[in-house]
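Trainee: Chains as they are written, first to last, in the UniProt record's numbering: chain A, 1 to 250; chain B, 1 to 250. Below is the structure I would like to discuss, written out as C-alpha cells.
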DNA sequence: TTTTATTTTGCGTTTATTTGCATGTTTGTG
DNA sequence: CACAAACATGCAAATAAACGCAAAATAAAA
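Here it is as C-alpha cells:
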C-alpha cells in the first residue's frame with residue numbers, strides 16, 4: 001500500500017470515528033506500529049489531525065461531501081432507517097426520493113422483499129440492483145446534482161398517473177409551525193406532488209434538522225403520517241404528536 | 001507504443017483503479033520502470049495525477065465504478081471510449097444509454113465540458129455528478145437491472161419530444177447482415193426510438209460482439225454513423241464500411 | 001528513399017525513501 | 001512507585017527515484 005494512500009485511509013477513518021488508536025490502525029492497515037506513528041506524526045505536522053498519546057483526534061467537524069456521506073456509516077441514520085423497516089409490508093408500493101437517510105434505508109431492505117419502488121433518485125435505483133423481487137420505476141427529469149434527484153415538469157407529470165402506499169420523504173428542514181422546507185423551488189414542487197399521490201408519508205429526521213427551516217415550503221408538517229427521529233425531548237415530540245403525527249423514537 | 005498513447009493508458013488505468021504502482025505499470029505496459037517514472041513525472045507536472053513514492057494517485061473526484069471492477073476487457077473498452085471522445089463537441093446534445101463501454105466513455109469526459117446529456121441509465125447519470133457544466137436529463141421508466149437502463153412505454157414517450165446530436169448506442173450484438181440485436185424486447189424498442197431522434201449514431205464495439213446476433217433486432221447496422229472497434233481484420237471492416245459507416249480502429 | 005536531426009528509451013550508478021526492528025526513554029495508570 | 005504500553009531514535013535492508021549516457025526509435029529534411 002502506498003504511503004499517501006494509507007494516510008488518506010487514516011484520515012477517512014478519523015473522519016468516521018472521531019479518534020483512532022495507533023495500535024488499532026497498525027492491525028487494520030497491516031503495517032507496523034512504527035509506521036503508523038510516523039504517519040500520525042506527519043499528519044499532525046500538517047495539522048490534519050491532532051496527535052495525542054496512544055492515538056490521534058480529528059480536527060474540526062466531520063467532512064460531509066456526497067461520497068464520504070455515502071461511505072460513512074452514520075450510525076444514527078442507520079438506526080433511523082432501521083426503525084423505518086417495520087412499516088414496509090410485502091407487495092407495497094414505496095415512493096422514495098433523495099437523501100442519505102433514504103439511501104441507508106434502501107440498503108437495509110431485505111434482499112428477498114417483494115415490492116415496487118418508485119423513485120426519482122438514481123442512487124436509490126442503483127442501490128436496488130440486487131433486490132431481485134423489487135420492481136424499480138424511475139421517474140425522469142432534469143438531474144439536480146446537489147441532491148441527486150430528478151426534477152422538473154416532466155417529473156411532476158409522470159407522477160400524475162401513479163399512486164403509492166408509503167412515501168419516504170427526504171427531509172432537509174422541518175419545523176412544527178412553518179412546515180417542511182428546503183432551498184430549491186423545483187424540488188419542493190416535486191415533493192409536494194409526491195405527497196399528494198401517497199397514502200401515508202414517513203420521514204426520518206435527525207435532530208439537527210428538527211425545528212429548522214428554509215425558504216421554499218413543501219407543505220405543513222402535518223402531512224406526515226410517521227416521524228422517526230433520534231430526538232427524545234418530550235416537548236419536541238409532543239409538538240408533532242399534537243399534529244396527529246405518530247412519532248417514533250428510541 | 002507511442003508516448004502519448006501510453007500516458008493516456010496510465011490515466012485510464014488510474015481512473016479505474018484510484019492508484020497505480022510504477023513497477024506494475026512497467027509490466028502491464030511492457031516498458032522499463034524508468035520510462036514509467038518519466039511518464040508519471042510529466043503527468044504530475046500537468047496536475048493530471050498525484051505522484052507519490054512508488055506510484056501515483058488519482059486527482060479529482062472518484063468515478064462511478066459500478067460494474068465489477070476487474071473486467072477482462074476493461075482496458076480495451078477504455079481505449080475505444082477514448083477514441084470516441086473526439087466526436088464530442090462543445091454544447092452538443094448527447095444521448096447515452098447503458099453499457100460498460102458507455103460508462104467508461106462518460107468517465108473520460110473532461111470535467112470542464114459544456115453539454116447536455118440525455119440518458120435512461122442511472123449509472124451514467126451518477127457518473128456525471130461532478131461535471132458541473134453538463135446538464136443531465138434522465139429518462140424515466142421501469143428499471144431493467146441487467147443492463148441498468150430504464151425501459152417501457154413512458155421511456156419511449158418521453159423520448160418523443162427530444163432530439164440529440166449524437167447517440168452513443170450500447171451494443172450487445174451486431175452483425176453486418178442481420179443488424180443490431182439483443183435479447184430484450186423492451187430494450188430494443190427504446191434503442192430504436194433513440195436512434196430515430198438522433199442526428200448521428202456512434203457505437204463502440206469490442207471484437208467479440210462483432211458478427212454475433214440475438215433474437216430481438218433493433219435495426220439494420222447501417223443506421224450507425226460511426227463504428228469504433230478494436231477489430232482490425234480488413235474484411236470485417238470493409239463489411240461495415242460498405243454500408244456507409246465510418247469505421248474507426250487503432 | 002536515404003540521410004539527418006530530434007526525441008524517446010533502457011541501463012549502470014548514485015542517491016533518497018520507506019519500512020521494520022532493536023534499544024533506550026517517556027508517559028499514563030493503578 | 002511500579003510497570004506496561006506507547007514513544008523516540010538510530011540502524012540496516014529493501015525499494016524506488018534521479019542522473020548521465022549511449023542505443024534505439026521516431027520525425028523531419030534532403
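Ideal Cβ positions, reconstructed from N, Cα and C, are used throughout, including at glycine. Source: prediction; values computed, not measured.
What residues in the stretch 186 to 197 of chain B have a beta carbon less than 7 Å from any beta carbon of chain A?
Mentor: If the cut-off is 7 Å between Cβ atoms, the stretch 186 to 197 of chain B has nothing near chain A.
Trainee: Give a yes or no on whether 8 Å exceeds the smallest Cβ distance from residue 107 of chain B to chain A.
Mentor: Chain A contact via Cβ: absent.
Trainee: Below 8 Å on the Cβ atoms is my contact criterion, and I expect residue 192 of chain A with residue 158 of chain A to pass it. Report the Cβ-Cβ distance as a whole number of Å.
Mentor: That belief does not hold up - the Cβ atoms of residue 192 of chain A and residue 158 of chain A are roughly 15 Å apart, past 8 Å.
Trainee: So residue 136 of chain A contacts chain B; which residues on that side make the cut at Cβ distance below 8 Å?
Mentor: Those within 8 Å of residue 136 of chain A in chain B are 142, 143, 145.
Trainee: So, helix, strand or coil for residue 254 of chain A, using DSSP?
Mentor: Because chain A is modelled from 1 through 250, residue 254 of chain A falls outside the range shown and cannot be assessed.
Trainee: Are at least three pairs of beta-carbons, each pair with one atom in the stretch 171 to 191 of chain A and one in the stretch 171 to 182 of chain B, less than 8 Å apart?
Mentor: Because the criterion of three Cβ pairs below 8 Å is not met, the stretch 171 to 191 of chain A and the stretch 171 to 182 of chain B do not touch.
Trainee: Does residue 253 of chain A come within less than 8 Å of chain B when only Cβ atoms are used?
Mentor: This structure leaves residue 253 of chain A out entirely; chain A is present only between 1 and 250.
Trainee: Jot down the residue ranges of each uninterrupted alpha helix (DSSP H) in the stretch 140 to 199 of chain B, minimum 4 residues, whole runs only, in chain order.
Mentor: Correct list: 153 to 159, 185 to 196.
Trainee: Given a cut-off of 8 Å, decide if residue 155 of chain A and residue 120 of chain A are closer than it, judged by their beta-carbon atoms.
Mentor: Yes; because the gap between Cβ atoms is below 8 Å, this pair is in contact.
Trainee: Distance, Cα to Cα, residue 200 of chain B vs residue 148 of chain A?
Mentor: The alpha-carbon atoms of residue 200 of chain B and residue 148 of chain A are separated by roughly 29 Å.
Trainee: Shorter than 8 Å from the beta carbon of residue 54 of chain B to some beta carbon of chain A?
Mentor: For residue 54 of chain B, the answer is yes, since a Cβ of chain A falls inside 8 Å of its Cβ.
Trainee: Considering only residues of the same chain and omitting the five flanking positions on each side of residue 60 of chain B, which have a CB-CB separation below 8 Å?
Mentor: Answer for residue 60 of chain B: 111, 130, listed in chain order.
Trainee: How big is the Cα-Cα spacing for residue 92 of chain A and residue 197 of chain A?
Mentor: Cα-Cα distance, rounded: 14 Å.
Trainee: Less than 8 Å between the C-beta atoms of residue 101 of chain A and residue 77 of chain A, yes or no?
Mentor: Contact flag set, yes.
Trainee: Using a Cβ-Cβ cutoff of 7 Å, what residues of the stretch 116 to 134 of chain A are near chain B? List them in chain order.
Mentor: Against chain B - using a Cβ distance shorter than 7 Å - the residues of the stretch 116 to 134 of chain A are 122, 123, 125, 126, 129.
Trainee: Tell me the rounded alpha-carbon separation between residue 98 of chain A and residue 214 of chain A.
Mentor: Rounded to whole angstroms, residue 98 of chain A to residue 214 of chain A spans 17 Å at the Cα level.
Trainee: Using a Cβ cut-off of 8 Å (strictly closer), state whether residue 154 of chain B contacts chain A.
Mentor: Cβ-Cβ to chain A under 8 Å: yes for residue 154 of chain B.
Trainee: Starting from residue 19 of chain B, trace the beta strand (DSSP E) both ways and give me its first and last residue.
Mentor: Taken as a continuous stretch (DSSP letters only), the beta strand (DSSP E) holding residue 19 of chain B covers 19 to 21.
Trainee: Name the chain A residues whose beta carbon is nearer than 8 Å to that of residue 139 of chain B?
Mentor: The contacting residues are 140.
Trainee: Does DSSP put residue 93 of chain B in a helix, in a strand, or in coil?
Mentor: Three-state DSSP puts residue 93 of chain B in a strand.
Trainee: Quick check on residue 3 of chain A - is its C-beta less than 8 Å from some C-beta in chain B?
Mentor: Cβ-Cβ to chain B under 8 Å: yes for residue 3 of chain A.
Trainee: Check residue 78 of chain B in the structure and name its three-state DSSP category.
Mentor: Helix, per DSSP.
Trainee: Any residues in the UniProt domain "HTH deoR-type" (3 to 58) of chain B with a beta carbon nearer than 7 Å to a beta carbon of chain A? Which ones, in chain order?
Mentor: Result list: 19, 52, 53, 54, 55, 57.
Trainee: Between which residues of its own chain and residue 247 of chain B is the CB-CB distance below 6 Å, once the five residues before and five after are set aside?
Mentor: Contacts found: 227, 237, 240, 241.
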